[in-house]
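Heads up, the sequence shown stops at 281 in my numbering, and the numbers go up one at a time, no gaps.
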Amino acid sequence: MAPTLISVKPGFGGLEGPYEQARVVFLGVPLDSTSSYRGGTRFAPSRIREASLNLETHLMSLGVELAEKGGVADLGDLLLSSDLAEDGRRIEEAVGGILADGKLPALLGGEHTLTLFSVRPFGDVYLLQLDAHRDLREEYLGSRVNHATVMRRVLDRLDPGRLIQLGVRSCSSEEEEFARRKGIRSYTTEQLLGDAEGIIREVRREVGSSPVYLTLDLDVLDPAFAPAVTTPEPGGMSTLDLLRILRGLGGLNLKGFDVVEVAPPFDTGATAFAAARAIYELLGVLL
-5 MAPTLISVKP GFGGLEGPYE QARVVFLGVP LDSTSSYRGG TRFAPSRIRE ASLNLETHLM
55 SLGVELAEKG GVADLGDLLL SSDLAEDGRR IEEAVGGILA DGKLPALLGG EHTLTLFSVR
115 PFGDVYLLQL DAHRDLREEY LGSRVNHATV MRRVLDRLDP GRLIQLGVRS CSSEEEEFAR
175 RKGIRSYTTE QLLGDAEGII REVRREVGSS PVYLTLDLDV LDPAFAPAVT TPEPGGMSTL
235 DLLRILRGLG GLNLKGFDVV EVAPPFDTGA TAFAAARAIY ELLGVLL
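Right, dumping it as structure tokens:
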């Protein structure tokens, strides 16, 4: 049964079909309540969908025609409140419902805080984080639950050995010390781009056949390629670098993913299109 509390705004890539026949189920999560610099992530699900409708569904990189694959449904956007705890409950319930139906949740954020709630129904999963920031602060601006602390809060429940960070290039000294003490595996942008194939091989060897949840923060890209994110960080990878990395994840036991931190009020369209294209690449290796 499809999750409740959904508004009708479906349409990722024009690929959507019946929920009952879908393998991948899109759900917009317009969470926009803890941003500390730029806001507007609540508009991202609709902008990413709009961009997806203007991309070709044939992936030259993989020789795949997504329109012929089928297996995609779009439930629209989750209806959220003004209370973060209640919104977290709704996110967790909706994702859990999609999982219970044997389908793969694909979340269109929304700010990164949503991952704290969306990953819970997966249990002891590997969390693969593509992000410019570690997001491991104990608290930020007086709050323990926000976009800068989201991975720290995830690790309140998840074994730190299950978190793998890719593309990080910014953190506080507190986060650096915490990551070192907990043995969190992380690869900077320079490390990743210097030996992407080798690092992806390491990740695949570590993860094996275990279930994986992928969280993609668009600020992993350099601001030249994705300027409209909530906290842009210079020194990132290109869109092509990201697509190659995502392609390299094919064969992992991916059970769910989210794409977060797109801020449409600051966008010319480039960031939403980068997000949609990244999702197409993921669909290409999933379907």
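No residue lacks a Cβ here, since even glycine has one placed at the ideal position from N, Cα and C.
Bear in mind the structure is a predicted one, so any value in this text is a computation, not a measurement.
Three-state class that DSSP yields for Arg131 in the structure shown: Residue state, collapsed to three classes: coil.
Segments of 3+ residues assigned as beta strand (DSSP E) that fall wholly inside the stretch 155 to 198: 157 to 162 and 179 to 182
Close-in-space but distant-in-sequence residues of the same chain around Thr143 (CB under 8 Å, 5 per side omitted): Asp129, Leu130, Arg131, Glu132, Glu133, Tyr134 and Ser137
Rounded separation between Gln15 and Leu69 - CA only: 13 Å
Three-state secondary structure (DSSP) of Phe20: strand
7 Å Cβ cutoff met for Gly250 and Leu157: The answer is no: Cβ separation not under 7 Å.
For Asp68, three-class secondary structure by DSSP: Of the three classes helix, strand and coil, the one that applies to Asp68 here is strand, per DSSP.
Counted within 10 angstroms of its Cβ, other Cβ atoms place Met54 as buried (16 or more) or exposed: exposed
Spatial distance of Asp77 from Pro115 (CA atoms): When rounded, the separation of the alpha-carbon atoms in Asp77 and Pro115 is 20 Å.
Cα-Cα separation, Glu80 to Ser232: 36 Å
Under the three-state DSSP convention, the category Glu59 falls into: strand
When Val162, Arg195 and Ala173 are compared against Thr183, the one with the closest alpha-carbon: Looking at Val162, Arg195 and Ala173, the one whose alpha-carbon comes closest to that of Thr183 is Val162.
Reference Leu236; option with closest CA among Gly103, Leu187, Val223 and Asp261: Leu187
Within the stretch 77 to 134, ranges of the alpha helix (DSSP H) (whole runs, at least 4 residues): 78 to 94 and 108 to 112
Straight-line gap, Glu196 to Tyr207 (C-alpha atoms, nearest Å): 17 Å
C-alpha distance - His106 paired with Thr262, whole-angstrom precision: The alpha-carbon atoms of His106 and Thr262 are separated by roughly 21 Å.
Segment contact flag, the stretch 83 to 99 with the stretch 36 to 51, C-beta cutoff 8 Å, min 3 pairs: no
Same chain, Cβ closer than 8 Å to Glu86, neighbours up to 5 away in sequence not counted: Result list for Glu86: Phe111, Ser112, Arg114 and Pro115, in chain order.
Short Cβ contact (7 Å threshold) for Asp125 with Asp216: No, the pair does not count as a contact, with Cβ atoms beyond the cut-off.
Val23 beta carbon less than 7 Å from that of Gly104: Yes.
Nearest-angstrom Cα separation, counted from Ala61 out to Gln185: Each residue's Cα considered, the two are about 36 Å apart.
Simplified DSSP assignment, three categories, for Ser204: coil
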